[in-house]
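Just add 50 to wherever you are in the sequence shown, counting from 1, and you've got the numbering used here.
Cβ coordinates follow ideal geometry from the N, Cα and C atoms, glycine included.
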Amino acid sequence: MTRKSRIYYSIAALWLLADILTKQWAFTYLTENFGSQRIIGDYLRFTLALNKGMAFGLSFGDWSRWILILFTVITLGLIFHLFRQTPERQRVQTVALALITGGALGNLLDRLMSDRGVVDWIDVGIGTHRFWLFNVADAGVSIGGALLVLTLWTTAEQSKQVRPEDAPPV
């Protein structure tokens, strides 16, 4: 197994495991504690929510679960293809793809295991101004996505730069 593969599979598996364990903990703890607990004042709370839709509360109605399962499987296929195309030296891109994979698998498992929705529980905001509830899987997809955009952008910028040895003769 290549170094790239060890990095990718290890991070994806660890992120998936962290997501599974934290969702189990959050569901049990928050169910026993009336659904919400303040952690850092009103800035960080743990609030249990079961989300049948997707990010930002978007939904496809009764078909959300199946559409999102299909979308996730297709996306995972594309991410894996991109991973296979990633050069060995692109470690940040490998990490980004692993975080996306681990997060996508975490939310996919929630949808496959139950029709109740994805377990969201991290609640950040100030007073009534709250960010959407999320979980460890969502954080992996978001962080991985941002890293992926950054690495693809910097790679594209680097390929645009003409090196002196590549310049046409004058």
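Which stretch, first to last residue, makes up the beta strand (DSSP E) that contains residue i?
i       : result
Asp-165 : No beta strand (DSSP E) holds Asp-165; DSSP gives it neither H nor E.
Phe-110 : Phe-110 -> no beta strand (DSSP E), and no H or E assigned at all.
Gln-140 : That residue, Gln-140, is in no beta strand (DSSP E); it is neither H nor E in DSSP.
For residue i versus residue j, is the C-beta distance shorter than 8 Å?
i       : j       : result
Phe-96  : Asp-160 : no
Asp-92  : Ile-176 : yes
Thr-201 : Gln-140 : yes
Ile-124 : Leu-198 : no
Gly-153 : Asn-101 : no
Ile-61  : Ala-189 : no
Asp-69  : Ala-146 : no
Could you give the distance in angstroms between the alpha-carbon of residue i and the alpha-carbon of residue j?
i       : j       : result
Ser-109 : Thr-52  : 40 Å
Ala-196 : Val-142 : 11 Å
Val-169 : Gln-211 : 45 Å
Arg-134 : Ile-119 : 23 Å
Thr-2   : Leu-126 : The structure shown does not extend to residue 2, since the chain is modelled only from 51 through 220, so no value can be given for it.
What do you get for residue i, buried or exposed, if any count of 16 or more other CB atoms within 10 angstroms of its CB means buried?
i       : result
Leu-71  : exposed
Ile-129 : buried
Tyr-79  : exposed
Arg-115 : buried
Thr-81  : exposed
Could you pull the start and end residues of the alpha helix (DSSP H) that residue i belongs to?
i      : result
Thr-72 : 53-82
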